[in-house]
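Participant: Sending over a structure as structure tokens; questions will come in a sec.
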Amino acid sequence: FAKTLGLGMFGIWVAMICDWIVRDVFFVARYRGRKWEVLGRPAVKL
455 FAKTLGLGMF
465 GIWVAMICDW
475 IVRDVFFVAR
485 YRGRKWEVLG
495 RPAVKL
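Just so you know, this note's numbering puts the end of the sequence shown at 500, numbered straight through with nothing missing.
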């Protein structure tokens, strides 16, 4: 955003916020899928 659109520091800030939003969307989708619970369990019961 900074060089392509000529926005400078504001463009960097906007790009960073967009990155956070995209990461959060994927994180929430993965969290709601509950696959992380299965992956967190040990394979063998002790």
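We put the CB at the ideal spot given by N, CA and C, even for glycine.
(1) So, with DSSP's three-state summary, where would you put residue 493?
(2) Helix or strand or just coil, what does DSSP make of residue 486?
(3) Return the CA-CA distance between residue 474 and residue 498, expressed in angstroms with no decimal places.
(4) From the DSSP output, in three-state form, read off residue 465 for me.
Facilitator: If we stick to the structure as given:
(1) helix
(2) helix
(3) Rounded to whole angstroms, the separation of the alpha carbons of residue 498 and residue 474 is 37 angstroms.
(4) helix
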